[in-house]
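Presented below is the structure to which this report refers.
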């Protein structure tokens, strides 16, 4: 079955492969050089996948732009997946969104700008995405759709250059209407597993066949009565 560009909600609840989650996209490692604030902005980076994939996690790197971590982080990460707006070369329609209220945050020991501690952040997400299609991952510190909370943490940059540079929207409560271009590429990885379209159980096939035959028998009875 050819996977559609925008998958239905039914596919989200379908059984997938039992393979363990693995890295399915890597936008590059953090370079301790710069970043984009995700407290007072929603920040987005584009990506594409080699095959139909159930994406289950995001890893990115975070630092306090005020050098005051963890006080500058409220402990939640809002996330979203957008399709691609080719006209504006930016995030298009919102496809999936959510908030991880218990992200895993681990200090790496590296220093951004030579003095600001870097932290690795892992969040759980849920999105079934098609192959060879441009999407945008958007992140925001706090609940997805929440306003600026006065804190200051930044999504760290990467030296790897692939795809478009990042985009930002200052309307963090309702992003999408005013994406602006940032010159920075951001470090992140996606984890997940290949999407497997579930095959009905034998009993399901049998039931479907019985219903079809019953329909034909009923139609023939009506034909004979006419």
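In the working numbering, the protein residues as written are 161 to 386.
For glycine and all other residues, C-beta sits at the position ideal for the given N, C-alpha and C.
Computed from a prediction, not measured in an experiment: that's the story for all the values here.
Kindly indicate which residue of 186, 183, 184 and 199 has the alpha-carbon position closest to the one of residue 307. 199
Output needed for residue 256: all residues of its chain with C-beta closer than 6 Å, excluding positions within five of it in sequence on either side, in chain order. 241 and 287
Own chain partners of residue 312 with C-beta closer than 8 Å, once the 5 adjacent residues on each side are dropped: 197, 199, 200, 224, 225, 226, 228 and 232
Residue 340, buried or exposed, once every other Cβ within 10 Å from all chains shown has been counted against 16: exposed
Residue 330 versus residue 323: straight-line alpha-carbon distance, rounded: Rounded to whole angstroms, residue 330 and residue 323 show a C-alpha spacing of 22 Å.
Would you list the residues sitting across from residue 318 in a DSSP beta bridge? Bridge partners of residue 318: 190.
Is residue 321 buried or exposed, if buried means 16 or more other CB atoms sit within 10 Å of its CB? Residue 321 should be labelled exposed.
Can you give me the C-alpha to C-alpha distance between residue 247 and residue 290, rounded to a whole angstrom? 20 Å
Pull up the distance between the alpha-carbon of residue 347 and that of residue 357, whole angstroms please. 31 Å
Does DSSP classify residue 196 as helix, strand or coil? strand
Pair within 9 Å by beta-carbon distance, residue 282 and residue 259: no
Looking at residue 215 and residue 300, is the spacing between their C-beta atoms short of 9 Å? no
When DSSP builds the beta bridges, which residues end up paired with residue 312? For residue 312, which the question treats as bridged, DSSP gives no partner whatsoever.
Specify the secondary structure class of residue 239 as computed by DSSP and reduced to three states. strand
What are the partner residues of residue 297, as DSSP defines its beta bridges? DSSP output for residue 297 lists 205 and 241 as bridge partner(s).
Buried or exposed: where does residue 266 fall if 16 or more other Cβ atoms within 10 Å of its Cβ makes it buried? Only exposed fits residue 266, as fewer than 16 other CB atoms lie within 10 angstroms of its CB.
Nearest CA to the CA of residue 191: which residue from 298, 305, 271 and 352? 271
Spatial distance of residue 278 from residue 315 (CA atoms): 10 Å
Can you tell me whether DSSP reads residue 365 as helix, strand or coil? A caution first: residue 365 carries a pLDDT of 47, below 50, which makes its placement in the model unreliable, though a value can still be read off. Helix.
What is the DSSP secondary structure of residue 185, counted as helix, strand or coil? strand
Taking all protein chains shown into account, decide if residue 333 is buried (16 or more other Cβ within 10 angstroms of its Cβ) or exposed. exposed
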